[in-house]
Amino acid sequence: MMIYPRDDERAIRVQGMVDDWAKSGLLQQEQRDRMQADLQVDYRRTNRFLRATLFLFGFLIICAVVGLVSLLVGDDDALSVIAFLAAGGAFFLAQTLIARYRPYRFGIEEAAAVSSVVFFAAGCTVFVGHGFSSLRLFIALAGASFIVFTRFGYLYAGIAAVLFAGVIPLNVDFSRVDTVRRLVGIVILFLIFGLARERRKDHDWDFPGDVYGVLEATAWAAMYVMTNLKASEWLYSTDAIPQLYWATYAGIWILPAVGLFLAIRDRHRWMLDVNIVMAIVTLMTNKPYLNGIQKPWDPILFGVLMIAIALGLKRWLVSGADGSRSGFVAERLLASERERLGIASSATVVAPGAPAPHAHPSPNLGGGGRSGGAGASGKF
Amino acid sequence: MTTIDRLDAWRAAGVISEAQHATLSEIVRRDRFSLFVELNAILYIGVISLVAGIGWTFRDYVANLGDATILAILSLLMILSFGYCFLRGPAYSNNEVESPSFAFDYVLYFACLVLSATLAFIETRFEIFHGWDTHLLIAALVFGGLAYRFDNRFVLSLGMSTLAAYLGLKVSGFDTLDSDRLRIAGFLYGAFLIGIGVLLKQLRIKAHFFDVYLQLGANAVLLAAISGVLDSRFELAYLGALLLLAAAAIYLGIRYRRFAFVAYGTLYGYAGLSIRVLDAVNGTAAGLAYLVITGSMVVIALVVLARRFGRGE
Chain S
28 MMIYPRDDER
38 AIRVQGMVDD
48 WAKSGLLQQE
58 QRDRMQADLQ
68 VDYRRTNRFL
78 RATLFLFGFL
88 IICAVVGLVS
98 LLVGDDDALS
108 VIAFLAAGGA
118 FFLAQTLIAR
128 YRPYRFGIEE
138 AAAVSSVVFF
148 AAGCTVFVGH
158 GFSSLRLFIA
168 LAGASFIVFT
178 RFGYLYAGIA
188 AVLFAGVIPL
198 NVDFSRVDTV
208 RRLVGIVILF
218 LIFGLARERR
228 KDHDWDFPGD
238 VYGVLEATAW
248 AAMYVMTNLK
258 ASEWLYSTDA
268 IPQLYWATYA
278 GIWILPAVGL
288 FLAIRDRHRW
298 MLDVNIVMAI
308 VTLMTNKPYL
318 NGIQKPWDPI
328 LFGVLMIAIA
338 LGLKRWLVSG
348 ADGSRSGFVA
358 ERLLASERER
368 LGIASSATVV
378 APGAPAPHAH
388 PSPNLGGGGR
398 SGGAGASGKF
Chain L
309 MTTIDRLDAW
319 RAAGVISEAQ
329 HATLSEIVRR
339 DRFSLFVELN
349 AILYIGVISL
359 VAGIGWTFRD
369 YVANLGDATI
379 LAILSLLMIL
389 SFGYCFLRGP
399 AYSNNEVESP
409 SFAFDYVLYF
419 ACLVLSATLA
429 FIETRFEIFH
439 GWDTHLLIAA
449 LVFGGLAYRF
459 DNRFVLSLGM
469 STLAAYLGLK
479 VSGFDTLDSD
489 RLRIAGFLYG
499 AFLIGIGVLL
509 KQLRIKAHFF
519 DVYLQLGANA
529 VLLAAISGVL
539 DSRFELAYLG
549 ALLLLAAAAI
559 YLGIRYRRFA
569 FVAYGTLYGY
579 AGLSIRVLDA
589 VNGTAAGLAY
599 LVITGSMVVI
609 ALVVLARRFG
619 RGE
């Protein structure tokens, strides 16, 4: 059971939406203020920069305290007990902080929760049984991350739980054939995908449906990574079993195709983005799969294809009635979409990438008047 | 209570109009679904891939194609893309200017990358510039000019990173090069960016670019200072400079409610100070105790700050 009430979580998300609508010119400032007043929740919150800094320092302090205790105890045999006590203590600390001071994504309570995962995994990995075990490590990480996710609702803990669960079979010594391990991993991820999908559908796009939507896309993407032998050679060594090799080749084409179909049908943003990336990776790994030789002009063809798809799709969408096709539009609807591109462009200072496009004017959707345009009309 | 329930309640209470309710409900239900980000991302990948392919092809087939052919193709691509931008681009303004079309910014970026590739080809084949410095400086200046002409923040970032490359300031260089000269260049680069950003903001010339200057400039000076603390004969001088810069970043960050700089100042300052202290401290226990005590002090200060300012940014 999550520590934050569902209505509070939903109210917090709607707060973000209302701000986005106001920035996008769909609400006036007075309307925004009135709506925000209805959405007040009694939590301490902070901005993302202070949150990240508090998280880092919180994690540093907790690790240092545990290290100090270990040194003072000075008994190697007691390390396992200390690790498990630290895990329990950190989990309890996160709970206590939230219950007493009511922080919400404040950084410090997140550091305590994440520390509990780390200490629990360390305890299971090294100190239980005989020596180091990567199998115990990933089971512990997956289990503890899942508990933290279900209790505190941290999305990154849920994502970590999915990914760690997927790699558990790669550490099991039940078969001499590596592909079997991959297949078991894919089955586990497919089960997670199905469960997350069902849970998401139960709640539509309201919390926790939005969170399960991300987990659904994560499991789907992880399945693809396990399937694409050329894109995941770093993950595990592969066998030379022809039938399985060609089955995975079929898989890397089928998964993005099915994923895109599901994403478009469900209007599932995360699935859509993940499957676009998967389709691009499939195109990039197609030649290596077929043992073809990469030619210097391959990127030109690929680039031209991408440009043609983008421009063609844009033109097709715009040429539809009311500039849309079954509700899909090429224009920006919300200011947050500009911010998403802005985040991507920020990284390009270090590693030059794409041009940060200008903000295109938000279409008139028949909503309320513009609210002074705070950030609504600019570029990102 | 779902989002749609809330919208219904706000409509019933007269907070939003019927038209607004319909519009917002469409967005919440995803009956209206924007592909703006996805289309931009696909176009971006296409442009990057296209330019990479052109560079790869010309590199591998330079002997077959010949210098003149390659230069002619590159020139044609530049003329077409820059020509498109100058013919279709909006008039210059000191304020923000909307892009005239979906693909416009990508055509400009493609043109900039082709220009860079052309300069690199000329330097590689003919050594006209007698070194990469001049090539990079020309590219940086052109990118900067084009960024202002067409109001493109990304081309501005490209110009800044090219300028940094000109100064020998690739981020990874700090790990491999032990050079106080490089650090001084880092300070100058950061100070130049911050200075020109402040100046242009005061002159109201593309004031919306200010954040780009500030972010990169602040990180450049702080990175230069902390690299000196890590590995320099003048570590104490660098430490002093780092602490002053960190204090300035925190103070100004709080004053102008730009909490990214509070985070930068805290992290860089604490890391620099701790490196020197932990180096001097004897024993693991004392080091851990230092981290617990000082870390707690930082957390308390940040919590006070966070409580005072809430989520404001």
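Order-wise, the sequence lines are chains S and L. Under the numbering used here, the first residue of the first sequence carries the number 28, and numbering increases by one thereafter. Under the numbering used here, the first residue of the second sequence carries the number 309, and numbering increases by one thereafter. C-beta: ideal position from N, C-alpha, C; glycine also. Being a predicted model, the structure only gives us computed values, none of them experimental.
inquiry  = Cβ closer than 9 Å: which chain L residues qualify as neighbours of phenylalanine 133 of chain S?
reply    = Result: Val611 and Ala614.
inquiry  = Along the segment 341 to 358 of chain S, where does the CB come closer than 8 Å to a CB of chain L? Name the residues.
reply    = Residues of the segment 341 to 358 of chain S whose Cβ lies closer than 8 Å to any Cβ of chain L, in chain order: Lys341, Leu344, Ser351, Gly354, Phe355, Val356, Ala357 and Glu358.
ask   = Along chain L, which residues have their Cβ under 9 Å away from the Cβ of asparagine 313 of chain S?
value = Taking a Cβ-Cβ threshold of 9 Å, none of the residues of chain L is close to asparagine 313 of chain S; the smallest such distance is about 14 Å.
ask   = Between alanine 526 of chain L and the rest of its own chain, which residues show a CB-CB distance below 8 Å, the 5 nearest in sequence each way excluded?
value = The answer, listed in chain order, is Gly498, Ile502, Ala557, Phe569 and Tyr572.
query = Can you tell me whether histidine 438 of chain L is buried or exposed, with buried defined as 16 or more other CB within 10 angstroms of its CB?
reply = Classified as exposed, histidine 438 of chain L has fewer than 16 neighbouring CB atoms from the shown chains inside 10 Å of its CB.
inquiry  = Could you check whether the segment 140 to 157 of chain S touches the segment 172 to 184 of chain S, counting it as contact only if at least three pairs of C-beta atoms, one from each stretch, sit closer than 8 Å?
reply    = Yes, they touch.
message = Mapping the DSSP letters down to three states, classify tyrosine 417 of chain L as helix, strand or coil.
response = Reduced to three states, the DSSP call for tyrosine 417 of chain L is helix.
Range covered by the alpha helix (DSSP H) that runs through valine 275 of chain L = Nothing about residue 275 of chain L can be reported from this structure: the residues present for chain L run from 309 to 621 only.
inquiry  = So leucine 423 of chain L and alanine 447 of chain L are supposed to be a Cβ contact under 8 Å. How far apart are they, rounded?
reply    = Sure, about 7 Å apart at Cβ, within 8 Å.
ask   = Sorted by chain position, which residues of the same chain lie with C-beta nearer than 6 Å to tyrosine 521 of chain L's C-beta, five sequence neighbours on each side aside?
value = Within the same chain, tyrosine 521 of chain L has close Cβ partners Leu501 and Gly505.
key: Between the CA atoms of alanine 330 of chain L and alanine 246 of chain S - distance to the nearest angstrom   = Computed Cα separation, rounded: 34 Å.
message = Short of 8 Å in beta carbon distance, which residues of its chain neighbour glutamate 623 of chain L, apart from the five on each side in sequence? Order them along the chain.
response = In this structure chain L extends from 309 to 621, so residue 623 of chain L is not present and cannot be described.
ask   = Nearest-angstrom Cα distance between leucine 299 of chain S and alanine 357 of chain S?
value = Straight-line Cα distance between these residues: approximately 14 Å.
request  = Over the uninterrupted alpha helix (DSSP H) stretch that includes glycine 85 of chain S, give me the two end residues.
outcome  = Counting along the chain, the alpha helix (DSSP H) containing glycine 85 of chain S begins and ends at 75 to 100.
ask   = Which residue's Cα is closest to the Cα of glycine 577 of chain L: L/Leu547, L/Tyr417, L/Ile312 and L/Phe366?
value = Residue L/Leu547 is the option with its Cα nearest to glycine 577 of chain L.
task = Locate the alpha helix (DSSP H) running through methionine 28 of chain S, then write down its first and last residues.
result = No alpha helix (DSSP H) holds methionine 28 of chain S; DSSP gives it neither H nor E.
ask   = Whose C-beta lies closer than 7 Å to the C-beta of alanine 148 of chain S among residues of the same chain, with five residues either side of it excluded?
value = Same-chain partners within the cutoff: Leu164, Ala167, Leu168 and Ala171.
message = So for arginine 129 of chain S, helix, strand or coil by DSSP?
response = Arginine 129 of chain S carries a coil assignment under DSSP once its states are collapsed to helix, strand and coil.
request  = Look at the alpha carbon of leucine 106 of chain S and the alpha carbon of glycine 180 of chain S, and state the distance between them as a whole number of angstroms.
outcome  = Whole-angstrom Cα-Cα distance: 30 Å.
inquiry  = Please identify the residue among S/Phe119, S/Arg294 and S/Val308 whose C-alpha is closest to the C-alpha of glycine 278 of chain S.
reply    = Check the Cα spacing between glycine 278 of chain S and each of S/Phe119, S/Arg294 and S/Val308: the tightest is with S/Val308.
Nearest-angstrom Cα separation, counted from alanine 249 of chain S out to leucine 190 of chain S = Cα atoms of leucine 190 of chain S and alanine 249 of chain S: separation of roughly 7 Å, rounded to the nearest angstrom.
key: CB contact below 7 Å: serine 319 of chain L versus chain S   = Note on identity: in this sequence residue 319 of chain L is arginine, with serine being the wrong assignment. Using beta-carbon distances, arginine 319 of chain L does not count as an interface residue toward chain S, since no partner is under 7 Å.
key: Rounded C-alpha distance that separates arginine 367 of chain S from valine 345 of chain L   = Between the alpha carbons of arginine 367 of chain S and valine 345 of chain L lies a gap of roughly 8 Å.
request  = Using three-state DSSP, classify arginine 352 of chain S as helix, strand or coil.
outcome  = Arginine 352 of chain S: strand per DSSP, three-state reduction.
ask   = With isoleucine 324 of chain L and tryptophan 318 of chain L assumed to form a contact (beta carbons below 8 Å), what rounded beta-carbon distance in angstroms separates them?
value = Right, their Cβ atoms sit about 5 Å apart.
ask   = To the nearest whole angstrom, what separates the beta carbons of isoleucine 320 of chain S and threonine 365 of chain L, a pair I think is in contact under 8 Å?
value = 14 Å between Cβ atoms; not a contact.
key: Distance CB(lysine 257 of chain S)-CB(threonine 312 of chain S) smaller than 7 Å   = Cβ distance < 7 Å, so lysine 257 of chain S and threonine 312 of chain S count as in contact.
message = Run through chain L and tell me which residues come within less than 7 Å of valine 92 of chain S, C-beta to C-beta.
response = Within 7 Å Cβ-Cβ: Val600.
message = Within a Cβ cutoff of 7 Å, which residues of the same chain sit near alanine 419 of chain L, ignoring the five residues on either side of it in sequence?
response = Closer than 7 Å at Cβ, skipping near neighbours: Met386, Ser389, Phe390 and Cys393.
task = Please report how far the alpha carbon of proline 382 of chain S lies from the alpha carbon of leucine 531 of chain L, in whole angstroms.
result = Any reading at proline 382 of chain S must be qualified, since the residue scores a pLDDT of 39, below 50, and its modelled position is unreliable; no value is offered.
Chain-ordered neighbours of serine 401 of chain L on chain S, where CB pairs are closer than 9 Å = Within chain S, no residue comes near serine 401 of chain L; the closest Cβ sits about 13 Å away, beyond 9 Å.
ask   = Using a beta-carbon distance below 7 Å, is arginine 340 of chain L in contact with chain S?
value = Closer than 7 Å: yes.
task = Give the interface partners of tryptophan 364 of chain L over in chain S, defined as CB-CB distance under 7 Å, in chain order.
result = Contact annotation for tryptophan 364 of chain L against chain S: Pro323 and Pro326 [CB-CB distance below 7 Å, chain order].
ask   = What are the boundary residues of the alpha helix (DSSP H) that includes aspartate 34 of chain S?
value = Segment 33 to 50, the alpha helix (DSSP H) holding aspartate 34 of chain S.
key: Where phenylalanine 341 of chain L sits in the DSSP three-state scheme   = Of the three classes helix, strand and coil, the one that applies to phenylalanine 341 of chain L here is strand, per DSSP.
task = Could you tell me which residues DSSP pairs with arginine 71 of chain S in its beta bridges?
result = For arginine 71 of chain S, which the question treats as bridged, DSSP gives the partners S/Pro130.
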